[in-house]
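Read in order, the letters of the sequence shown correspond to residues 75 to 378 in the working numbering.
Built from N, CA and C at the ideal position, the CB exists for glycine as well.
These numbers were taken from a predicted model, which means no experiment stands behind them.
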Amino acid sequence: MQNYKNTFSQANYELQSHFSTNLMRNTLSHALLFQGLDPEKNNQFLLYLSAMLLCHDAQNKPCLNCQSCQLVFLNGHPDLTVIKPEKKTSGIKIESIRDLNEPVYRSPQLGCHRVVMIQCAEKMNVAASNALLKLLEEPPDNVYFLLQAAQLSTMLPTVLSRCQIWRIGDESANYLELNDFIGAMRSDDPDLAKVIDNLPALFADLELVVKQNKQQCAVAAKWVDYDLYALATILYWINAALIKSLLGQPNPVSQLTPLLPHLTLPILFNQIDKLNTIMRRLNQSIAINALLTIEDFLLGYQVV
Ligand SMILES: [Zn+2]
């Protein structure tokens, strides 16, 4: 295990590329500690990293699409253990760390790794810290420990010395304005080009459906003019961008920002599933009623 300290500030996306490269090379430290003042954002980042470690896709980790990725974000992955204080004001007790002793030595159920995520690690009491230290000194095979802490001053130096420490600073904004997006998506395919030419209207329609939860039928009647495969391709890109934004990555299109407060990860994963099904059926030349399919898709943005 590497036990050197590496403390500096980086934008999140640079961190991600660092971790994915090291994961590919099998040189990722088995104990990573992320310090930052925004626990919510940092925890989302840790979930993202967990998905990267547990994802089944060989190339594109996290794919955000496989069973493992989805289970991570639905808080139901059998190889991901999350430890946090029971209440905001309470500490992390030794029992929580002792409970790890059994699962970390079991083989992973779905893939090759297990992940232990410890939120608010600065709230571990001394006994809990020492119990964790034992695990970090002789880490079980294929287990990654991801720790999040608001500050390091209350943590045991011996625990810190076993972790690679990263400071998560302010995210640098990386907005791609609509015109750049259209330029980047420019396509020779006339069906795709037709959807891209109408992106501003498409975003406006989507905002109506997502924010006000109405007009699904009227919007579907409009969108049925597009080639369904081309429409699904663009909607796939938009939903993937929304997922990444909800996970705290820079939002590539500022026009999508107003939608974010009205969406959740399960809704968006469900929409991605629907788009996958639509594209698979079209690829297999299965007849589809485009109007009903689009209506059904748009209704999927409702919070149940
Ligand atoms: Zn995946």
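Check your understanding: Do Cys202 and Lys167 have their CB atoms nearer than 8 Å?
Key -> Within the sequence shown, residue 202 is the residue found at index 128, counting from 1. Within the sequence shown, residue 167 is the residue found at index 93, counting from 1. A small fix is needed here, since residue 202 is Ala in this sequence, not Cys. Closer than 8 Å, so yes.
Exercise for review: Sort out for me which residues DSSP pairs Val155 with in a bridge.
Suggested key: For the purposes of this step, residue 155 is identified with residue 81 of the sequence shown, where counting begins at 1. Reading the sequence as shown, one finds Thr at residue 155 and not Val. Beta-bridge analysis with DSSP links Thr155 to Val190.
Exercise for review: For Pro264, verify whether its CB is less than 7 Å away from any heavy atom of ligand 1.
Suggested key: Here residue 264 corresponds to residue number 190 of the sequence shown, with the count starting at 1. At a threshold of 7 Å, Pro264 does not count as near ligand 1, since its beta carbon sits no closer than that to any of the ligand's heavy atoms.
**Study point:** Local conformation of Leu148 per DSSP, three classes
**Key:** As a position in the sequence shown, residue 148 is number 74, starting the count at 1. It is coil, neither helix nor strand.
Exercise for review: Indicate, with yes or no, if ligand 1 has a heavy atom lying under 7 Å from the CB of Leu138.
Suggested key: In the sequence shown, residue 138 corresponds to position 64, counting from 1. Flag set: Cβ of Leu138 near ligand 1.
Check your understanding: In chain order, what residues of the same chain lie with their CB nearer than 7 Å to the CB of Val146, ignoring the 5 residues before and after it?
Key -> Numbered from 1 along the sequence shown, position 72 holds the residue referred to as residue 146. Within the same chain, Val146 has close Cβ partners Leu121, Ser124, Ala125, Leu128, Leu154.
Exercise for review: Have a look at Phe93 and Gln118 and give me their C-alpha separation to the nearest angstrom.
Suggested key: Your numbering for residue 93 matches position 19 in the sequence shown. Your numbering for residue 118 matches position 44 in the sequence shown. Roughly 15 Å separates the two Cα atoms.
Review point. Which whole runs of the beta strand (DSSP E) in the segment 193 to 234 are 3 residues long or more, in chain order?
Key: Restricting attention to beta strand (DSSP E) runs no shorter than 3 residues, the segment 193 to 234 encloses them at 217 to 223, ordered along the chain.
Exercise for review: Using beta-carbon positions only, say whether Leu230 and Ile192 come within less than 8 Å of one another.
Suggested key: Within the sequence shown, numbered from 1, the residue matching residue 230 stands at position 156. Within the sequence shown, numbered from 1, the residue matching residue 192 stands at position 118. Against a cut-off of 8 Å, the Cβ pair of Ile192 and Leu230 comes out as no contact.
Exercise for review: Can you say whether Arg188 is buried or exposed, counting buried as having 16 or more other CB atoms within 10 angstroms of its CB?
Suggested key: In the sequence shown, the residue the question calls residue 188 occupies position 114. Buried is the call here.
Exercise for review: Over the uninterrupted alpha helix (DSSP H) stretch that includes Gln133, give me the two end residues.
Suggested key: The residue labelled residue 133 in the question sits at position 59 within the sequence shown. Per DSSP, Gln133 belongs to no alpha helix (DSSP H) and is neither H nor E.
Exercise for review: Rank Val156, Pro340, Ala361, Ile317 by C-alpha distance to the C-alpha of Ile171 and give the top, closest one.
Suggested key: For the purposes of this step, residue 171 is taken as residue 97 along the sequence shown, with counting starting at 1. Considering only alpha carbons, the answer is Val156.
Review point. Should Ser94 be counted as a contact of ligand 1 given a C-beta to heavy atom distance under 7 Å?
Key: As a position in the sequence shown, residue 94 is number 20, starting the count at 1. No, the beta carbon of Ser94 sits no closer than 7 Å to any heavy atom of ligand 1.
Check your understanding: Skipping 5 residues on each side, what residues in its chain have a beta carbon closer than 7 Å to that of Tyr29?
Key -> Because the chain in this structure spans residues 75 to 378, residue 29 falls outside the shown range and cannot be described.
Exercise for review: Check each candidate in Asn96, Glu211, Asn199 and name the one with the smallest Cα separation from Glu169.
Suggested key: To locate residue 169, count along the sequence shown from 1; it is residue 95. The shortest Cα separation from Glu169 among Asn96, Glu211, Asn199 belongs to Asn199.
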